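K.L.:
Just dropping this structure here.
2 protein chains.
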Amino acid sequence: MPTIDEQVALLARRCERIVPEADLRRKLASGRPLRIKLGMDPTAPDVTLGHAVPLRVVRQFQDWGHKAVLIIGDYTARVGDPSGQNATRPMLSGEQIDANAKTYVEQVGRILMTDPDHLEVRYNSEWLGTMTMLDIIRLTSRKTVSQMLQRDTFKERFEKGSEIHLHEFLYPLLQGWDSVKIDADVEMGGSDQLFNNLVGRELQQDEGREPQVVIVTPLLVGTDGTMKMSKSKGNYIGVADPPSGPNGMFGKIMSLPDALLESYWTLLSDEPKESIARKIAASPRDAKVELARRIISWLHSPQAADAAEAEFTKVVVKGGVPDEMPQVAVGTGPHRLAALLAKAGLTASNSEGLRKIREGAVRVDNVKATDEKAELRIEKPTVLQLGNRKFVRLVP
Amino acid sequence: MPTIDEQVALLARRCERIVPEADLRRKLASGRPLRIKLGMDPTAPDVTLGHAVPLRVVRQFQDWGHKAVLIIGDYTARVGDPSGQNATRPMLSGEQIDANAKTYVEQVGRILMTDPDHLEVRYNSEWLGTMTMLDIIRLTSRKTVSQMLQRDTFKERFEKGSEIHLHEFLYPLLQGWDSVKIDADVEMGGSDQLFNNLVGRELQQDEGREPQVVIVTPLLVGTDGTMKMSKSKGNYIGVADPPSGPNGMFGKIMSLPDALLESYWTLLSDEPKESIARKIAASPRDAKVELARRIISWLHSPQAADAAEAEFTKVVVKGGVPDEMPQVAVGTGPHRLAALLAKAGLTASNSEGLRKIREGAVRVDNVKATDEKAELRIEKPTVLQLGNRKFVRLVP
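First to last, the sequence lines map onto chains Y and D.
Using the numbering used here, the letters of the first sequence map in sequence onto residues 1 to 396.
Using the numbering used here, the letters of the second sequence map in sequence onto residues 1001 to 1396.
Dropping the structure here:
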């Protein structure tokens, strides 16, 4: 077991802020199992490598004998966004919430220990459902309008003159109330959650409880190299993504901009920083291969990492054709090539297909197809390829 | 029964705004009894002539066959102001709320008809007490932060940088929800309630109900001649104040600045406007006497008005001594005069008493007392007088 100093040093690698560190040291020194809170929005059950960063920290705590407490925010998900302003906050049924929570727990299970000594899953309807108007008046009286408007997302919208509906001010308070009700010792989150999570600390203090320490991790930049990784922006790698194939982890990691390598290595591995710098300086490409192998070994298995690398080498590096690919029955035809691309799901429209053919990005049975007017008959299984990594087997 | 046009003209006298008038005409024309909502804050049960202005309008509606619905805001009074910022919003017990509501109904009974066909009294805990968090999230989602900040009192405080606690944003919504729950046709209030009462109209519309018409009356200026009349500012005349005596209606009205006469006559009587102007032009003093007589006749009785005028003439105009006054037993003494003034409750301190003696404002049995060192023995009932209108009978 590492000393307190060693523990704090290990956490520091992927903790942008620990508020306050002195409280964390005191809690770690107490010797009792700490309760590490992590909130989950049931309207967005997909766990990405971005979420994996705070989850790795939670796992560190579990390894030291502490308990992760996962809060499923089911109560507010049942309302959605009643103002209808925010399409990303749909109203969910109880069944949808349960299904999403199950999916979520399966995904985080790739990172966290899930036995009952190390993981507790709680639904916040347990305590929010019984609050009365008086409770809510007391809760809302704890915060002022200007305090809420200090929060980045509110501040920006307020200054731009875009609308903030009053119930949006309730959500940080409800999330903070969760910390009171589950007696959180630490709350983990991305750095955009700092304000929300400090509300929990303050509410615990108001209630005369030992306040939680707020730990926030840096936001992982998405595969596009600029924006925060998120499902809605399409720039994400999911922790349950397949190891290989066109949407597999291996290919996505190999396509990362070189500039992201240092942060990905730092946040998603435990390799010493000097070693990371050496690897990247020696060969960004090799550093990507090794990173891809490590992440797949971690989230799938070492065997899956071997297979994904072999497949990637065969298909992309050597221009070969993979062993496995989706199969689509199209009939014998004759077919225009652009129509086949769309039927196979490789392009979104006929015009996109025509453009790809003109660009020379389309191959039929590994032969470049450039005649956009040609008509094809599909008499036997035929491999249709778009770019380096997208393959579909056409059958009659 | 007056026509719709006549009714609207009668209302216009003391209605600053009718929002919208077309809706009011439609409701009046429907022939059904309308529900006229009037809210009451149980933390402030004193009814002043300021409140009498909207209450007179409610009474007009009652005279035309409509029903006053008095909402006792007991639910929020049970919380008070949990932020502790606002001493005027103390937390009340159920007993205090009931006692205050009873006092309030007794006072408004001087103006309103109180039989069950014309008055319905409702406590808003009836519907607010059963609201869940989901109901509250839906309710708060109806309004935006900038809409709330348009309200004068919030706007001013926000711009001055003074704190607005979040629960304060809930109150206008809860008050508006009252209108939904009691199916208000009209909500009456002072002009500082326009924003709050329009929230009720909007919530009714959101709920697919026929929305209430909001009628606001001008704010009556207090006896100081500058600020809105209110108990907390001490510049008020209560509808249950005694007709005469040092805190009686007659004396308070006679002390009004002349500049207030026109608004008091307009808002608190039905005298035609031209006649009011003539009376004031002829003699402000006579206009005050007549106003005092009318208000006392209205809120007490014509006999009380006669008696109050006679008493006022005897004591103030002719410098006489009233028949009735408080009696205080002080023992035979000897007493210093300043000490007697304080014991009698006429001054707050010994030094105030000394100052009043030096000013020549103190009389003993109708003889001016100027020797601040004199010692008095009280062997028999003795009248101690401060200024023109304050008397105490001292007994041994």
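Virtual Cβ for every residue (Gly too), placed ideally from N, Cα, C.
Predicted model, so just to flag it, every value in this text is computed and none were measured.
Can you tell which of Y:E372, Y:T226, Y:V214 has the C-alpha that lies nearest to the C-alpha of D23 (chain Y)?
P.N.:
Taking the first sequence and counting its residues from 1, one reaches residue 23 (chain Y) at position 23. Ranking the options by Cα distance to D23 (chain Y), first place goes to Y:V214.
K.L.:
What are the boundary residues of the alpha helix (DSSP H) that includes I1280 (chain D)?
P.N.:
Taking the first residue of the second sequence as 1, we reach residue 1280 (chain D) at position 280. Residues 1273-1282.
K.L.:
Report buried or exposed for R988 (chain D), applying the criterion of at least 16 other Cβ atoms within 10 angstroms of its Cβ.
P.N.:
With chain D covering only 1001 through 1396, there is no way to say anything about residue 988 (chain D).
K.L.:
Bridge partners for Q385 (chain Y) per DSSP, in chain order?
P.N.:
Along the first sequence, one-based indexing puts residue 385 (chain Y) at 385. Answer by DSSP bridge pairing, in chain order: Y:R363, Y:F391.
K.L.:
Just curious, the beta strand (DSSP E) that M1040 (chain D) is in, first and last residue?
P.N.:
To locate residue 1040 (chain D), count along the second sequence from 1; it is residue 40. That run of the beta strand (DSSP E) goes 1035-1040.
K.L.:
Which residues of chain D have a Cβ atom closer than 9 Å to the Cβ of E163 (chain Y), listed in chain order?
P.N.:
Reading the first sequence from its first residue, position 163 is the one you call residue 163 (chain Y). Near E163 (chain Y) (Cβ distances below 9 Å), the residues of chain D are T1144, V1145, S1146, Q1147.
K.L.:
What residue ranges within the stretch 1100-1177 of chain D form continuous alpha helix (DSSP H) runs of no fewer than 4 residues, ordered along the chain?
P.N.:
The qualifying runs are 1125-1128, 1133-1140, 1145-1149, 1152-1160.
K.L.:
Shorter than 7 Å from the beta carbon of M254 (chain Y) to some beta carbon of chain D?
P.N.:
The residue labelled residue 254 (chain Y) in the question sits at position 254 within the first sequence. No - not a single Cβ of chain D is within 7 Å of the one on M254 (chain Y).
K.L.:
Can you tell me whether T332 (chain Y) is helix, strand or coil according to DSSP?
P.N.:
The sequence position of residue 332 (chain Y) within the first sequence is 332, counting from 1. Reduced to three states, the DSSP call for T332 (chain Y) is coil.
K.L.:
May I ask whether a heavy atom of the ligand NAP can be found less than 6 Å away from the beta carbon of K1027 (chain D)?
P.N.:
Inclusion of the ligand NAP in the displayed structure is not the case, the ligand content being empty and no account of it being possible.
K.L.:
Assign G1039 (chain D) to buried or exposed, taking buried as 16 or more other Cβ atoms, counted over all protein chains shown, within 10 Å of its Cβ.
P.N.:
Numbered from its first residue, the second sequence carries residue 1039 (chain D) at position 39. Burial call: buried.
K.L.:
Within 7 Å of any Cβ in chain A, is that where the Cβ of M1133 (chain D) sits?
P.N.:
Given the protein chain composition of this structure (Y and D), no chain A is represented.
K.L.:
Using a cut-off of 8 Å between C-beta atoms, extract the partners of T1076 (chain D) located in chain Y.
P.N.:
Sequence index remark: in the second sequence, residue 1076 (chain D) carries index 76 (1-based). Those within 8 Å of T1076 (chain D) in chain Y are I137.
K.L.:
Please compile the residues from chain D whose C-beta is within a distance smaller than 8 Å of the C-beta of F195 (chain Y).
P.N.:
Here residue 195 (chain Y) corresponds to residue number 195 of the first sequence, with the count starting at 1. Per Cβ cutoff of 8 Å: no residues; F195 (chain Y) is ~15 Å from chain D at best.
K.L.:
Look at the alpha carbon of A1338 (chain D) and the alpha carbon of K1233 (chain D), and state the distance between them as a whole number of angstroms.
P.N.:
For the purposes of this step, residue 1338 (chain D) is taken as residue 338 along the second sequence, with counting starting at 1. For the purposes of this step, residue 1233 (chain D) is taken as residue 233 along the second sequence, with counting starting at 1. Their Cα atoms are separated by approximately 28 Å.
K.L.:
Across which residues does DSSP place K67 (chain Y) in a beta bridge pair?
P.N.:
Residue mapping note: residue 67 (chain Y) aligns to position 67 of the first sequence, counting from 1. For K67 (chain Y), which the question treats as bridged, DSSP gives the partners Y:R35.
K.L.:
What runs of the alpha helix (DSSP H), each 4 residues or longer, lie entirely inside the stretch 228-315 of chain Y?
P.N.:
If we require 4 residues or more, the alpha helix (DSSP H) runs fully inside the stretch 228-315 of chain Y come out as 249-254, 261-268, 273-282, 284-299, 302-312.
K.L.:
If we define contact as Cβ-Cβ less than 7 Å, is R1393 (chain D) a contact residue for chain Y?
P.N.:
By one-based count along the second sequence, residue 1393 (chain D) stands at place 393. Output row for R1393 (chain D): interface = no.
K.L.:
Could you check which residue in Y:L267, Y:T140, Y:K314, Y:P257 has the C-alpha nearest to that of K288 (chain Y)?
P.N.:
Locating residue 288 (chain Y) in the first sequence gives position 288, where the first residue counts as 1. Selected option, being the one with the closest Cα: Y:P257.
K.L.:
In the structure shown, what three-state DSSP assignment does L92 (chain Y) receive?
P.N.:
Walking along the first sequence from the start, residue 92 (chain Y) turns up at place 92. Three-state DSSP puts L92 (chain Y) in coil, outside helix and strand.
K.L.:
By alpha-carbon positions, which one of D:K1181, D:K1155, D:R1389, D:I1378 ends up nearest to I1071 (chain D)?
P.N.:
Here residue 1071 (chain D) refers to the residue found at position 71 when the second sequence is read from its first residue. Ranking the options by Cα distance to I1071 (chain D), first place goes to D:K1181.
K.L.:
Considering only residues of the same chain and omitting the five flanking positions on each side of V315 (chain Y), which have a CB-CB separation below 6 Å?
P.N.:
Residue mapping note: residue 315 (chain Y) aligns to position 315 of the first sequence, counting from 1. Cβ within range, chain order: P322.
K.L.:
Where does P243 (chain Y) land, buried or exposed, given buried means 16+ other C-beta within 10 angstroms?
P.N.:
Within the first sequence, the letter at position 243 stands for residue 243 (chain Y). With 16 or more Cβ atoms within 10 Å of its Cβ, P243 (chain Y) is classed as buried.
K.L.:
Going by C-alpha to C-alpha distance, which of D:G1073, D:Q1385, D:A1344, D:R1377 sits closest to R1363 (chain D)?
P.N.:
Your numbering for residue 1363 (chain D) matches position 363 in the second sequence. Of the candidates D:G1073, D:Q1385, D:A1344, D:R1377, the one whose C-alpha sits nearest the C-alpha of R1363 (chain D) is D:Q1385.
K.L.:
Hey, could you find the ends of the beta strand (DSSP E) V1213 (chain D) is sitting in?
P.N.:
For the purposes of this step, residue 1213 (chain D) is taken as the residue at position 213 of the second sequence. Run containing V1213 (chain D): 1213-1217, per the beta strand (DSSP E) assignment.
K.L.:
Check whether the Cβ atoms of I1378 (chain D) and V1330 (chain D) sit closer than 7 Å, and answer yes or no.
P.N.:
Here residue 1378 (chain D) refers to the residue found at position 378 of the second sequence. Here residue 1330 (chain D) refers to the residue found at position 330 of the second sequence. In contact: I1378 (chain D) and V1330 (chain D) (Cβ atoms closer than 7 Å).
K.L.:
Going by DSSP, what residue range makes up the alpha helix (DSSP H) through E1407 (chain D)?
P.N.:
Since the first residue shown for chain D is 1001 and the last is 1396, residue 1407 (chain D) is missing from the structure and cannot be characterised.
K.L.:
Can M325 (chain Y) and R389 (chain Y) be called in contact, C-beta distance under 7 Å?
P.N.:
Here the question's residue 325 (chain Y) lines up with position 325 in the first sequence. Here the question's residue 389 (chain Y) lines up with position 389 in the first sequence. Not closer than 7 Å, so no.
K.L.:
What's the gap between the Cα of L1139 (chain D) and the Cα of A1281 (chain D)?
P.N.:
Taking the first residue of the second sequence as 1, we reach residue 1139 (chain D) at position 139. Taking the first residue of the second sequence as 1, we reach residue 1281 (chain D) at position 281. Their backbone Cα atoms lie some 53 Å apart in a straight line.
K.L.:
Determine contact between the stretch 1177-1191 of chain D and the stretch 1043-1054 of chain D, defined as no fewer than three beta-carbon pairs at a distance below 8 Å.
P.N.:
As far as the Cβ criterion goes, the stretch 1177-1191 of chain D touches the stretch 1043-1054 of chain D, which means the pair count is three or higher.
K.L.:
Quick check on the DSSP output: the beta strand (DSSP E) that includes I1018 (chain D) runs from which residue to which?
P.N.:
Translated into the one-based positions of the second sequence, residue 1018 (chain D) becomes position 18. Note, I1018 (chain D): beta strand (DSSP E), 1017-1019.
K.L.:
Under 7 Å, Cβ to Cβ, is there at least one residue of chain D near S141 (chain Y)?
P.N.:
Here the question's residue 141 (chain Y) lines up with position 141 in the first sequence. Taking Cβ atoms only, chain D reaches closer than 7 Å to S141 (chain Y), which makes this a yes.
K.L.:
Just to confirm, is the Cβ distance from D1365 (chain D) to T1382 (chain D) under 7 Å?
P.N.:
Residue numbering aside, residue 1365 (chain D) sits at position 365 when the second sequence is read from its first letter. Residue numbering aside, residue 1382 (chain D) sits at position 382 when the second sequence is read from its first letter. For D1365 (chain D) and T1382 (chain D), yes; Cβs fall inside 7 Å.
K.L.:
Is any beta-carbon of chain Y found at less than 7 Å from that of L1092 (chain D)?
P.N.:
Position 92 of the second sequence, counted from the first residue, corresponds to residue 1092 (chain D). Taking Cβ atoms only, chain Y never reaches closer than 7 Å to L1092 (chain D), which makes this a no.
K.L.:
Assuming R78 (chain Y) is part of the alpha helix (DSSP H), what are its boundary residues?
P.N.:
For the purposes of this step, residue 78 (chain Y) is identified with residue 78 of the first sequence, where counting begins at 1. Element bounds for R78 (chain Y): n/a, residue is neither H nor E.
K.L.:
Looking at the unbroken alpha helix (DSSP H) that takes in I378 (chain Y), where does it start and where does it end?
P.N.:
By 1-based counting over the first sequence, the position of residue 378 (chain Y) is 378. Element bounds for I378 (chain Y): n/a, residue is neither H nor E.
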